[in-house]
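Taking it in order: structure first as structure tokens, then the write-up.
Residue numbers (UniProt numbering): 1 to 852.
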């Protein structure tokens, strides 16, 4: 065996060791450790080397025992490409962990690089001009500028390893060249004659060693793929985790039943509701509904014969406006002092400070606020998706891509079925992160004339465009140099214009959703800087300073707040029956949460924000916490009574996006009298606030927010932050901000971590197998006669949709590879035909001796 050929691949991928070290010792953009236990870097490096060595040894064995070049060469070509693939995955895994707090999977490439093909008619009804900047290049530039020291380490490390590799390969090349310029046959024969006995023993030893390496590697891989072990996942090579992201989670029947029972015991439904699937082994275990709907599927239940349906009288449905602020985590310095200092679960007063967020402060004084409300995932590809569909982020993949044909409990379809017209205003190209395969689904109803009860209805109108000169004049905005995304100044006016049109055109209540963008990292804004308050945004080293980040973020937050104020004023003045919700799509991640400057840290009795806590493993408020506020503007007495009773209340216990959407569901269902089945794991926040105000016990509830690396599990009053790949984390009181002096925290136990992982695995399993929800549960026609039947598992709405698969990437990738292969084969064939027969120098030497 030629071990030089084995060493070379290891030298080639040596650069990836830099990424492995960074993953174990560096911190992510959210200032948290990427891997919880840095000592595991040693087994990680060894396992990585073992896998590469096994592949290389296998290739040498093939070369040794298979003499046909047309067999070995294609295999070597494939293995070379595989080495390149490993390098790319390892580098991408580290950067994805650093930026997104997620390990690499194929779906990240689809979302951000290759883009998902369009499965739906995604033509926008309104078009403008194109962005003048390449978003991919801008994102890459922002990433490098934001972490200059990080990238210096990478480039210097790769340069050193690259120099070593060049030196190594040149030396190897020179050895081969020398052998070609001499009597090769004579040298090899002589070497074998002198070393015959030694090589025989050495060859056996090398063969045994090589086979042992391969066997150990194969056994390790089998254990990794067969066993769900956190430790093995933490030390496994990035490409192994990449492969495993394609696998569906597995449950034995008993483990599945146990997980379902655990879920149902940890989530107490409100009075009058029950789990809809009452079969011994439920297929849709987390779908719940009012008992009259449950009885339509399960007439054998004891309470069904005597159950009396809700007889409340419907009333006029309000408009609903949802404003989603990009990357929104108002630090303690942006919150009211009383909220920061108090450890009570409910506080009276505004949530926000007027100096930073005047509009939101006003809304929190007239409505109800939630200081600890969180998204269920991050970044937007998870946070926005989970908010919209109710699915919890996968632990090792991307729902936005992998769940494209899932039945989901999406709120746009819910509102459509309740009689609403719907509108979505987007600042970004909807193909950027795969939203186009969701927001345009409503168009398929018209195109394919599907049964509306079995099809996602989604939005009536979707708006995304940079206004041209005529459109800018119509909107009343100044047309400036556009960047990659449409700034809040413009999208706010678009929202006002098209909300008014939707209301006038349809005569129905309107669901209006507006997503902002200017607070997106790296917090440089997307508008002309003259529209921001005077501030030097800067670049390079200056922009990396923590105080500079805080100043940039607060400047942009105040800018967003101003345009939110314009939308709020429009709603108040023109639409007197409207529920308004403002929340973030996910946390800000890298904005330092500086302590509240109004609290004296020298006072030992003062509860002030301890920023030294932030950045400790999983003690990070910036990942998921966004805060939220809900208001009602109007004269409907039923709604006024609900909201007035909670005016100026700040709820501090853990809540999340699912709770807020569940609250909107209940508000609308009460007005229409149409109560539908749902799979959203949420509580009515108004009921929660009333229970806290009257000191009533809270319903048992577990909620989950997660990335591949970090997770939060919140009960009705406690927050657990832990590493997704190991029992590392802490228990908190669940009140934002969590890092306050004197707060009692405790480590989570391995038993708790196992429970949390089972909870998360259940969501993975249901979503990957399309068992979380079914659109057939929306069929109202079978409820009154009680003739409903459960959907057949695997029966999905998309079965009649003409799928528009794009094979371009596959054909190009395979074609280029085959072209290179055939060109190389042709080159070697021509070279072989032209080669002159080698001269047998031994024969010439013998002839010369005879002649002499």
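Here a beta-carbon is modelled for each residue, glycine too, at the ideal position from N, C-alpha and C.
- The alpha carbon of residue 634 has as its nearest neighbour, out of 676, 93, 568, the alpha carbon of 568.
- When DSSP states are grouped into helix, strand and coil, residue 548 belongs to the helix group.
- When the alpha-carbon of residue 119 is set against those of 440, 728, 365, the nearest one is in 440.
- Residue 399 is positioned such that its CB atom lies no closer than 8 Å to that of residue 106.
- About 6 Å separates the CB atoms of residue 127 and residue 465; that is less than 8 Å, so the two are in contact.
- One alpha carbon belongs to residue 365, the other to residue 640, and they sit about 15 Å apart.
- By the criterion of a C-beta distance shorter than 8 Å, residue 85 is surrounded in its chain by 239, once the five residues flanking it on both sides are discounted.
- Scanning the segment 332-357 from its first residue to its last, the whole alpha helix (DSSP H) runs of 4-plus residues come out as 337-341.
- Bounds of the beta strand (DSSP E) holding residue 705 are 703-706.
- Three or more beta-carbon pairs separated by less than 8 Å link the segment 488-503 to the segment 413-428, which places the two stretches in contact.
- Closest in C-alpha terms to residue 714, from the list 524, 375, 676, comes 375.
- Of the residues assessed, residue 587 falls on the buried side of the cut-off, its CB having 16 or more other CB atoms within 10 angstroms.
- The segment 40-55 and the segment 210-228 touch, with no fewer than 3 CB-CB distances between them shorter than 8 Å.
- For the options 562, 207, 305, 371, the alpha carbon positioned closest to that of residue 356 is the one of 562.
- Within the model, the alpha-carbon separation for residue 346 versus residue 689 is close to 8 Å.
- In the three-state DSSP reduction, residue 74 falls in the helix class (H, G or I).
- In the displayed model, residue 721 falls within a strand according to three-state DSSP.
- When secondary structure is reduced to three states using DSSP, residue 416 falls in the helix class.
- With fewer than 16 other Cβ atoms inside 10 Å of its own Cβ, residue 163 counts as exposed.
- Look at the beta carbons and you see the segment 456-464 not touching the segment 522-530: under three pairs across the two are nearer than 8 Å.
- Uninterrupted alpha helix (DSSP H) stretches at least 4 residues long and entirely within the segment 254-315 occur at 291-297, given in chain order.
- By the 16-neighbour rule on beta-carbons within 10 angstroms, residue 210 is buried.
- Nearest Cα to residue 709 within the set 725, 698, 718: 725.
- Between the C-alpha atoms of residue 316 and residue 581 there is a straight-line separation of about 19 Å.
- In the three-state reduction of the DSSP assignment, residue 324 falls in the strand class, which pools E and B.
- Counted as a single uninterrupted DSSP element, the beta strand (DSSP E) harbouring residue 732 occupies residues 729-732.
- If the five residues before and after residue 574 are omitted, its C-beta is found closer than 8 Å to the C-beta atoms of 500, all from its own chain and listed in chain order.
- Around the beta carbon of residue 638, fewer than 16 other beta carbons lie within 10 angstroms, which makes this residue exposed.
- Looking at the DSSP output, residue 630 shares a beta bridge with 368, 581.
- With respect to residue 560, residue 518 sits close: the two C-beta atoms are nearer than 8 Å.
- Your pair residue 682 and residue 626 does not check out as a contact, with CB atoms roughly 15 Å apart and the cut at 8 Å.
- Counted as a single uninterrupted DSSP element, the alpha helix (DSSP H) harbouring residue 501 occupies residues 488-506.
- Under the DSSP assignment, residue 103 falls outside any alpha helix (DSSP H); it carries neither an H nor an E label.
- Distance between residue 323 and residue 55, taken at the CA atoms: about 52 Å.
- Nearest to residue 16 by C-alpha distance, out of 26, 89, 273, is 89.
- For residue 443, the closest C-alpha among the options 431, 22, 462, 488 is that of 462.
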